[in-house]
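Participant:
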Amino acid sequence: MSVKKRIILSSDHADIELRKTIAKHVETLGFEAVDIGPMTSESTHYPIHGKAAAERVVSGDCDLGIIVCGTGQGIMMAANKVPGIRCGVCSDTFSAAMIRQHNDANMLSIGARVVGEGLALAIVEAFLSAEFEGGRHATRVDMIEAEKM
Ligand code: RB5
Numbered sequence: 237m238s239v240k241k242r243i244i245l246s247s248d249h250a251d252i253e254l255r256k257t258i259a260k261h262v263e264t265l266g267f268e269a270v271d272i273g274p275m276t277s278e279s280t281h282y283p284i285h286g287k288a289a290a291e292r293v294v295s296g297d298c299d300l301g302i303i304v305c306g307t308g309q310g311i312m313m314a315a316n317k318v319p320g321i322r323c324g325v326c327s328d329t330f331s332a333a334m335i336r337q338h339n340d341a342n343m344l345s346i347g348a349r350v351v352g353e354g355l356a357l358a359i360v361e362a363f364l365s366a367e368f369e370g371g372r373h374a375t376r377v378d379m380i381e382a383e384k385m
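Start counting the sequence shown at 237; every next residue gets the next number (our numbering).
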């Protein structure tokens with residue numbers, strides 16, 4: 237029996253309902269969704285939630301992460317401050333697959349005020365279905381990690 241990959245989810249207050257819908261979709265796709273909230277729409281600060289989710293990926297507790305804020309940008313910036321995180325904001329399915337295939341992204345960020353629910357779920361599916369291709373792309377990802385740019 238294969239162990240389900242664990243996907244950490246978090247957001248700010250911009251759209252907790254979209255995050256919960258994404259969590260359900262993640263389960264439907266055969267992954268374990270680990271939703272760390274927040275559970276209310278009370279105004280909060282996206283850096284807290286981006287960092288918290290990123291730390292669960294870097295620690296190895298979760299395999300990949302999906303985070304949401306209004307634009308997807310602020311929470312992505314916070315996640316990328318955690319060493320070992322490669323997080324991209326995606327508003328299309330092509331980019332969502334490519335950040336896995338070429339950049340070995342371990343987190344996906346979505347702007348809830350940018351894309352609708354249907355597209356958001358398709359972006360999530362594209363991200364989770366894709367695999368890192370390695371090879372020349374691994375050399376480049378290693379360069380990012382070594383800060384040799
Ligand atoms: C919150 O209003 C909003 O600024 C936040 O969700 C996000 O869009 C920041 O990047």
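Using N, Cα and C, we set each Cβ at its ideal position, and we do this for glycine too.
1. Tell me which residues share the same chain as Gly308 and place their Cβ nearer than 7 Å to its Cβ, disregarding the 5 neighbours each side in the sequence.
2. What I want to know is whether the C-beta of Thr276 ends up closer than 7 Å to one or more non-hydrogen atoms of ligand 1.
3. Helix, strand or coil, according to DSSP, for Glu268 in the structure here?
4. Closer than 7 Å by C-beta to Ala314: which residues in its own chain qualify, once you throw out the five before and the five after it? Chain order, please.
5. Residues with a Cβ closer than 6 Å to any heavy atom of ligand 3, in chain order?
6. Residues in the same chain with beta-carbon distance under 7 Å from Thr280, minus the five sequence neighbours each way, listed in chain order, please.
7. State whether the segment 354 to 367 contacts the segment 314 to 323, with contact taken as three or more CB pairs (one from each stretch) at a distance under 8 Å.
8. Do Thr336 and Ala366 have their C-beta atoms closer together than 8 Å?
9. Give every residue of the same chain whose Cβ lies closer than 8 Å to the Cβ of Lys240, excluding the five residues on either side of it in the sequence, and list them in chain order.
Facilitator: So, from the listed chains and residues:
1. Val325, Ser345, Ile346, Gly347 and Val350
2. no
3. strand
4. Tyr282, Pro283, Gly286 and Lys287
5. Summarising the ligand content, the structure contains ligand 1 and does not contain ligand 3.
6. Asp248, His249 and Pro274
7. no
8. In the sequence as presented, Thr is not what sits at residue 336; that position holds Arg. Cβ distance < 8 Å, so Arg336 and Ala366 count as in contact.
9. Gly266, Phe267 and Glu268
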